[in-house]
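Chemist:
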Amino acid sequence: MSTTVAAKPATMAQALGRALRDAMADDPAVHVMGEDVGTLGGVFRITDGLAAEFGDERCADTPLAEAGILGAAVGMAMYGLRPVVEMQFDAFAYPAFEQLVSHVARMRNRTRGAMPLPITVRVPYGGGIGGVEHHSDSSEAYYLATPGLHVVTPATVADAYGLLRAAIASDDPVVFLEPKRLYWSKADWNPDHPLSVEPIGRAVVRRTGRSATLLTYGPSVPVCLEAAEAATAEGWDLEVVDLRSLVPFDDETVCASVRRTGRAVVVHEAGGFGGPGGEIAARVTERCFHYLEAPVLRVAGFDIPYPPPMLERHHLPGVDRILDAVARLQWEADS
Amino acid sequence: MEQRGAYTPTPPPAWTPRTDPAPLLPDAEPYRVLGTPAAREADPELLRRLHTALVRGRRYNTQATALTKQGRLAVYPSSTGQEACEIGAAFALEERDWLFPSYRDTLAVIARGVDPVETLTLLRGDWHTGYDPYEHRVAPLSTPLATQLPHAVGLAHAARLKGDDVVALAMVGDGGTSEGDFHEALNFAAVWRSPVVFLVQNNGFAISVPLDKQTAAPSLAHKAVGYGMRGRLVDGNDALAVHEVLTEAVRHARAGGGPTLVEALTYRVEAHTNADDAGRYRAPTDGDAWRAHDPVALVEAELTARGLLDADTLEAVRADAETMAADLRARMNQDAPLDPMDLFAHVYAEPTPQLREQEAQLRAEIAAAAEDRPEGTPR
Numbered sequence: 008m009s010t011t012v013a014a015k016p017a018t019m020a021q022a023l024g025r026a027l028r029d030a031m032a033d034d035p036a037v038h039v040m041g042e043d044v045g046t047l048g049g050v051f052r053i054t055d056g057l058a059a060e061f062g063d064e065r066c067a068d069t070p071l072a073e074a075g076i077l078g079a080a081v082g083m084a085m086y087g088l089r090p091v092v093e094m095q096f097d098a099f100a101y102p103a104f105e106q107l108v109s110h111v112a113r114m115r116n117r118t119r120g121a122m123p124l125p126i127t128v129r130v131p132y133g134g135g136i137g138g139v140e141h142h143s144d145s146s147e148a149y150y151l152a153t154p155g156l157h158v159v160t161p162a163t164v165a166d167a168y169g170l171l172r173a174a175i176a177s178d179d180p181v182v183f184l185e186p187k188r189l190y191w192s193k194a195d196w197n198p199d200h201p202l203s204v205e206p207i208g209r210a211v212v213r214r215t216g217r218s219a220t221l222l223t224y225g226p227s228v229p230v231c232l233e234a235a236e237a238a239t240a241e242g243w244d245l246e247v248v249d250l251r252s253l254v255p256f257d258d259e260t261v262c263a264s265v266r267r268t269g270r271a272v273v274v275h276e277a278g279g280f281g282g283p284g285g286e287i288a289a290r291v292t293e294r295c296f297h298y299l300e301a302p303v304l305r306v307a308g309f310d311i312p313y314p315p316p317m318l319e320r321h322h323l324p325g326v327d328r329i330l331d332a333v334a335r336l337q338w339e340a341d342s
Numbered sequence: 214m215e216q217r218g219a220y221t222p223t224p225p226p227a228w229t230p231r232t233d234p235a236p237l238l239p240d241a242e243p244y245r246v247l248g249t250p251a252a253r254e255a256d257p258e259l260l261r262r263l264h265t266a267l268v269r270g271r272r273y274n275t276q277a278t279a280l281t282k283q284g285r286l287a288v289y290p291s292s293t294g295q296e297a298c299e300i301g302a303a304f305a306l307e308e309r310d311w312l313f314p315s316y317r318d319t320l321a322v323i324a325r326g327v328d329p330v331e332t333l334t335l336l337r338g339d340w341h342t343g344y345d346p347y348e349h350r351v352a353p354l355s356t357p358l359a360t361q362l363p364h365a366v367g368l369a370h371a372a373r374l375k376g377d378d379v380v381a382l383a384m385v386g387d388g389g390t391s392e393g394d395f396h397e398a399l400n401f402a403a404v405w406r407s408p409v410v411f412l413v414q415n416n417g418f419a420i421s422v423p424l425d426k427q428t429a430a431p432s433l434a435h436k437a438v439g440y441g442m443r444g445r446l447v448d449g450n451d452a453l454a455v456h457e458v459l460t461e462a463v464r465h466a467r468a469g470g471g472p473t474l475v476e477a478l479t480y481r482v483e484a485h486t487n488a489d490d491a492g493r494y495r496a497p498t499d500g501d502a503w504r505a506h507d508p509v510a511l512v513e514a515e516l517t518a519r520g521l522l523d524a525d526t527l528e529a530v531r532a533d534a535e536t537m538a539a540d541l542r543a544r545m546n547q548d549a550p551l552d553p554m555d556l557f558a559h560v561y562a563e564p565t566p567q568l569r570e571q572e573a574q575l576r577a578e579i580a581a582a583a584e585d586r587p588e589g590t591p592r
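Structure follows, in structure tokens:
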């Protein structure tokens with residue numbers, strides 16, 4: 008059994024593990040719990056070594072019951088602990104949805120601030136890893152429609168560390184969405200860069216450009232960056248904004264970018280109808296209408312149950328689909 | 214070709230049950246004390262305290278029901294007939310222990326020391342819990358069924374991890390035992406050996422659905438065996454019996470023995486709430502035997518038989534309950550002071566920029582409405 012944590016995280020998975028380890032070392036109230044998080048170290052090995060270092064009470068294997076895991080975490084938080092709950096896979100979190108919506112999200116509000124619940128719910132989400140049914144959902148729309156929750160998703164190694172530390176330190180419940188297919192990515196990794204805690208609620212411009220803005224988050228960030236590189240061949244200079252946090256939403260950074268470029272495309276894996284892109288496009292349109300040269304477009308997953316792995320490449324928004332949307336933004340030229 | 218008959222099956226791996234189920238099984242008959250010779254041993258002071266709380270509880274139920282009819286409460290789920298379950302159980306807790314009530318358990322909440330008016334805050338239509346959960350160690354009244362049970366398990370687990378000998382009492386109705394959270398909570402508690410006592414108040418109906426459409430189990434207490442915890446069956450109208458069984462279960466939990474599932478048999482005398490018409494699913498004479506087996510009368514009979522209750526004392530207890538009801542009436546008839554800005558005050562520790570914008574919008578709307586109002590008109 009491995010007991011070591013990478014001295015310097017090279018992948019997102021290692022950065023998440025390091026964040027959990029450092030948070031547990033800094034604060035004895037932090038408890039990690041879930042199915043398989045102990046001896047096995049999690050099915051994605053995010054919690055590898057934590058039980059060995061902190062004991063099987065602080066990194067606890069629980070019975071296989073997501074509502075029970077989150078419900079017990081509520082009681083633990085009531086008694087002053089800071090539970091970090093792992094849901095293993097996006098679609099496995101649904102049994103815990105009632106606890107999340109009916110209790111976790113509103114306990115502070117219904118007790119007039121007397122009973123805050125500083126719980127972090129880690130949800131590995133999204134497709135692109137060849138997972139079978141129920142292992143690839145993009146469930147973020149359910150969470151961001153629930154007042155009282157913060158909803159955060161990293162796209163880089165540094166953010167995985169910084170945002171998870173911030174989520175655990177937050178006195179509010181945070182749904183921490185981990186893009187599964189970036190677990191092994193080394194994006195933005197700089198061995199000389201110090202690890203830092205990243206405040207929740209700020210978007211970041213990953214690539215500056217003048218022709219249009221791609222608004223995206225989580226697993227779609229690298230795809231957008233790739234699209235932006237490819238777009239230079241067409242003479243387009245695309246800006247890429249990584250939202251990082253869906254709740255709170257950083258209107259300021261997003262609108263500043265769109266006002267500069269005058270065009271925007273929202274890109275995400277989740278289905279478009281009722282998806283986060285609709286909300287983001289509406290916000291941008293309301294705030295930036297007079298700066299826009301074209302309607303805000305969305306490039307999203309299709310409105311279908313997540314497809315089988317052999318077909319998922321047709322479903323996931325890829326570079327070509329993004330470039331097609333950017334082409335459709337050139338309104339004046341076409342009309 | 215292989216010869217037929219030559220195959221010798223390998224024996225299966227040895228199996229032994231993990232736990233002897235016999236000590237976990239509830240007794241065949243619900244435990245009773247009042248009306249039996251054993252009641253003569255009961256502490257007079259405990260009997261008097263139970264009696265006073267039962268009389269007050271009954272009066273609180275009738276007063277809250279009246280307030281509903283006057284429009285002062287949006288809804289009230291009466292616990293008339295079930296007072297012994299709530300009070301007998303809550304009295305078994307120490308001050309450091311926690312109570313996790315369902316929406317019908319206001320009497321247990323009051324028994325923990327919470328102001329009766331505060332227990333009605335939620336039901337009068339103010340969406341706040343009404344009391345500080347930490348002041349008397351009472352979780353918010355839970356409206357979703359059985360979802361507060363895993364909270365009790367988690368809190369008791371956390372307390373034990375911190376080295377505190379705190380016990381959590383979690384209350385649920387017979388209908389709530391069908392919910393998934395009931396199962397998950399009991400399973401977690403048994404696996405973790407958490408110091409939790411689960412009290413099922415089996416009052417016969419989940420709104421309109423009777424118990425035999427709710428479960429096929431021999432009794433709800435029998436469900437405990439499947440989780441590896443003790444099941445206990447008690448007469449829920451016998452305050453002394455409930456108190457004894459709960460006290461023993463609390464002691465067992467505090468000593469590290471793990472959780473207990475207690476089923477208290479009782480009867481819901483009133484409808485589910487004022488929004489329910491019990492006449493559609495039961496005849497007026499249904500439950501007559503339960504009504505005759507009244508929890509208040511049972512304690513009064515015992516006190517009287519032992520010469521512990523004379524007419525003057527009884528009068529004093531009833532007058533005390535009337536005073537409580539009059540106070541409740543007077544304070545509930547005052548309009549609650551409501552600040553609209555409260556809508557945004559406690560959603561997050563730090564409000565999001567989006568909520569700040571909405572807060573500013575509401576503030577402006579209220580200011581504009583105040584300007585439109587002719588001078589001298591009340592707000």
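Going down the list, the sequences are from chains A and B. When we follow the numbering used here, the leftmost residue of the first sequence carries the number 8, and every step to the right adds one. When we follow the numbering used here, the leftmost residue of the second sequence carries the number 214, and every step to the right adds one. Don't be surprised by glycine CBs; every beta carbon is placed ideally from N, CA and C.
1. Would you say B/GLN574 reaches chain A, if we count a Cβ-Cβ gap shorter than 8 Å as a contact?
2. Spatial neighbours of B/PRO257 within its chain, please: C-beta separation below 6 Å, excluding the five flanking residues on both sides.
3. Counting pairs of beta carbons, one from the region 304-312 of chain B and one from the region 374-391 of chain B, are three or more of them closer than 8 Å?
4. Does any residue of chain B have a CB that is nearer than 8 Å to the CB of A/THR127?
5. Taking just the CA atoms, how far does B/PRO550 sit from B/THR460?
6. With a cut-off of 8 Å on the beta carbons, I'd call B/ALA297 and B/ASP451 a contact; round off their distance for me.
7. Taking 8 Å as the CB-CB cut-off, is A/ALA80 touching chain B?
8. Whose CA, out of A/GLU300, A/GLY133, A/LEU304, lies closest to the CA of A/ALA289?
9. If I measure Cβ to Cβ from A/VAL12 and keep anything under 7 Å in the same chain, skipping five residues before and after, which residues do I get?
10. Could you run through the region 392-423 of chain B and flag, in chain order, every residue whose CB is less than 7 Å away from some CB of chain A?
11. Buried or exposed for A/ALA340, please, with buried defined as at least 16 other CB atoms from any protein chain shown within 10 angstroms of its CB.
12. Against chain B, with Cβ distances strictly below 8 Å, would A/VAL273 count as a contact?
13. Using DSSP bridges, identify the partner residues of A/PRO131.
14. Confirm, please, whether the CB-CB distance from A/THR268 to A/GLU246 is below 8 Å.
15. Which one of A/VAL212, A/TYR149, A/ALA238 has the shortest CA to CA distance from A/ALA98?
16. Return no unless some Cβ of chain A is closer than 8 Å to the Cβ of B/ASP552.
17. How far does the alpha helix (DSSP H) with A/HIS321 in it reach, from first residue to last?
18. Tell me which same chain residues have a C-beta within less than 7 Å of the C-beta of A/VAL37, skipping the five on either side of it?
19. From A/GLU286 to A/ASP310, what distance separates their C-alpha atoms?
20. Just verifying my parser: in three-state terms, what is the DSSP assignment at A/VAL12?
21. So is B/ASN609 buried or exposed if we call it buried at 16+ other beta carbons inside 10 Å?
22. Quick one: which chain B residues come within Cβ less than 8 Å of A/PHE256?
23. With 16 as the cutoff for other CB atoms within 10 Å, does B/VAL246 come out buried or exposed?
24. State the CB to CB distance for the pair A/GLU73 and A/MET94, rounded to an integer number of angstroms; the pair is presumed to be in contact (CB under 8 Å).
25. By alpha-carbon positions, which one of B/ASP425, B/ALA437, B/ASN416, B/THR232 ends up nearest to B/VAL409?
26. Three-state secondary structure (DSSP) at B/ASN415?
27. Does B/LEU260 pass the burial test, meaning 16 or more other C-beta atoms within 10 Å, or should it be called exposed?
28. What is the DSSP secondary structure of B/PRO230, reduced to helix, strand or coil?
29. Could you name the residues of chain B that A/ASN116 contacts, counting a contact when the two beta carbons are closer than 7 Å?
30. Any beta carbon of chain A sitting closer than 8 Å to that of B/HIS349?
31. Taking the beta carbon of B/GLN574 as the centre, do at least 16 other beta carbons fall within 10 Å, making it buried, or is it exposed?
32. Just to confirm, are A/ASP195 and A/ALA235 a CB contact at a threshold of 8 Å?
33. Go through the region 139-212 of chain A residue by residue and report every complete run of the beta strand (DSSP E) that reaches 3 residues or more, in order.
34. Rounded C-beta distance between B/MET384 and B/ASP328? I'm assuming under 8 Å.
35. So, helix, strand or coil for A/ASP341, using DSSP?
36. Going by alpha carbons, who is nearest to B/ALA534 out of B/GLY248, B/ARG443, B/THR265?
Modeler: In short:
1. Taking the first residue of the second sequence as 1, we reach residue 574 of chain B at position 361. B/GLN574 does not count as touching chain A.
2. Numbered from 1 along the second sequence, position 44 holds the residue referred to as residue 257 of chain B. The beta carbon of B/PRO257 sits closer than 6 Å to the beta carbons of LEU521 from its chain, once the five residues preceding and following it are set aside; these are given in chain order.
3. Taking a contact to require three or more Cβ pairs closer than 8 Å, the region 304-312 of chain B and the region 374-391 of chain B qualify as touching.
4. Position 120 of the first sequence, counted from the first residue, corresponds to residue 127 of chain A. Not an interface residue.
5. Here residue 460 of chain B is taken as the residue at index 247 of the second sequence, counted from 1. Here residue 550 of chain B is taken as the residue at index 337 of the second sequence, counted from 1. C-alpha of B/THR460 to C-alpha of B/PRO550: approximately 40 Å in a straight line.
6. Position 84 of the second sequence, counted from the first residue, corresponds to residue 297 of chain B. Position 238 of the second sequence, counted from the first residue, corresponds to residue 451 of chain B. The pair is a contact, with the Cβ atoms about 6 Å apart (cut-off 8 Å).
7. Here residue 80 of chain A refers to the residue found at position 73 of the first sequence. With 8 Å as the cut-off, A/ALA80 counts as an interface residue toward chain B.
8. For the purposes of this step, residue 289 of chain A is taken as the residue at position 282 of the first sequence. Checked all of A/GLU300, A/GLY133, A/LEU304; the closest Cα to A/ALA289 is A/LEU304.
9. Within the first sequence, the letter at position 5 stands for residue 12 of chain A. For A/VAL12, the predicted model reports a pLDDT of 47, less than 50, meaning its position is unreliable; a value from the coordinates is still stated below. The beta carbon of A/VAL12 is closer than 7 Å to those of GLY24, ARG25, ARG28, GLY56 in its chain, skipping five residues each way along the sequence.
10. Residues passing the 7 Å Cβ filter: GLY393, ASP394, GLU397, ALA398, ASN400, PHE401, VAL404.
11. As a working note, residue 340 of chain A is residue 333 in the first sequence. Low confidence applies here, because A/ALA340 scores a pLDDT of 46, under 50, leaving its location unreliable; read the following figure in that light. A residue is called buried once 16 or more other Cβ atoms fall within 10 Å of its Cβ, and A/ALA340, having fewer, is exposed.
12. Here the question's residue 273 of chain A lines up with position 266 in the first sequence. With 8 Å as the cut-off, A/VAL273 does not count as an interface residue toward chain B.
13. Here residue 131 of chain A corresponds to residue number 124 of the first sequence, with the count starting at 1. Beta-bridge partners of A/PRO131 (DSSP): A/GLU185.
14. For this step, residue 246 of chain A is matched to residue 239 along the first sequence. For this step, residue 268 of chain A is matched to residue 261 along the first sequence. The Cβ atoms of A/GLU246 and A/THR268 lie closer than 8 Å to each other.
15. Here residue 98 of chain A refers to the residue found at position 91 when the first sequence is read from its first residue. Looking at A/VAL212, A/TYR149, A/ALA238, the one whose alpha-carbon comes closest to that of A/ALA98 is A/TYR149.
16. On the second sequence, residue 552 of chain B is found 339 positions in, with the first residue counted as 1. With its beta carbon at least 8 Å from every one in chain A, B/ASP552 lies outside the interface.
17. For the purposes of this step, residue 321 of chain A is taken as residue 314 along the first sequence, with counting starting at 1. Per DSSP, A/HIS321 belongs to the alpha helix (DSSP H) from 319-322.
18. Position 30 of the first sequence, counted from the first residue, corresponds to residue 37 of chain A. Sequence-distant partners of A/VAL37 (beyond 5 residues in either direction) whose C-beta falls short of 7 Å from its own C-beta, in its chain, are ALA30, MET31, ARG89, VAL91, ILE175.
19. Numbered from 1 along the first sequence, position 279 holds the residue referred to as residue 286 of chain A. Numbered from 1 along the first sequence, position 303 holds the residue referred to as residue 310 of chain A. Going from the Cα of A/GLU286 to the Cα of A/ASP310 covers about 16 Å.
20. Residue numbering aside, residue 12 of chain A sits at position 5 when the first sequence is read from its first letter. For A/VAL12, the predicted model reports a pLDDT of 47, less than 50, meaning its position is unreliable and no value from the coordinates is stated.
21. There is simply no residue 609 of chain B to check, as chain B begins at 214 and stops at 592 in what is shown.
22. Here the question's residue 256 of chain A lines up with position 249 in the first sequence. Near A/PHE256 (Cβ distances below 8 Å), the residues of chain B are THR565, PRO566, GLN567.
23. If you number the second sequence from 1, residue 246 of chain B lands on position 33. Looking at its Cβ environment, which holds 16 or more other Cβ atoms inside 10 Å, B/VAL246 is buried.
24. Within the first sequence, the letter at position 66 stands for residue 73 of chain A. Within the first sequence, the letter at position 87 stands for residue 94 of chain A. With 8 Å as the limit, A/GLU73 and A/MET94 qualify as a contact, their Cβ atoms being about 6 Å apart.
25. What you label residue 409 of chain B is simply residue 196 of the second sequence in a count that begins at 1. If you compare the alpha carbons of B/ASP425, B/ALA437, B/ASN416, B/THR232 with that of B/VAL409, the shortest gap goes to B/ALA437.
26. Counted from its first residue, the second sequence places residue 415 of chain B at position 202. Strand at B/ASN415.
27. To locate residue 260 of chain B, count along the second sequence from 1; it is residue 47. B/LEU260 should be labelled buried.
28. Counting from one through the second sequence, the residue named residue 230 of chain B turns up at place 17. In the structure shown, B/PRO230 sits in coil (DSSP, three-state: anything other than H, G, I, E or B).
29. Mapped onto the first sequence, residue 116 of chain A falls at position 109. For a Cβ distance threshold of 7 Å, residue set HIS559, VAL560 of chain B lies close to A/ASN116, ordered along the chain.
30. Within the second sequence, the letter at position 136 stands for residue 349 of chain B. It does not: the Cβ of B/HIS349 has no partner Cβ on chain A nearer than 8 Å.
31. Stepping through the second sequence from its first residue, residue 574 of chain B is reached at position 361. That one is exposed.
32. Locating residue 195 of chain A in the first sequence gives position 188, counting from the first residue. Locating residue 235 of chain A in the first sequence gives position 228, counting from the first residue. Not a contact, by the Cβ cut-off of 8 Å.
33. The qualifying runs are 157-159, 181-186.
34. Counted from its first residue, the second sequence places residue 384 of chain B at position 171. Counted from its first residue, the second sequence places residue 328 of chain B at position 115. Actually they do not touch by this definition, with Cβ atoms about 20 Å apart.
35. Here residue 341 of chain A corresponds to residue number 334 of the first sequence, with the count starting at 1. Its pLDDT being 46, under 50, A/ASP341 is placed unreliably by the model, and nothing is read from it.
36. Residue numbering aside, residue 534 of chain B sits at position 321 when the second sequence is read from its first letter. Among B/GLY248, B/ARG443, B/THR265, the Cα nearest to that of B/ALA534 is on B/THR265.
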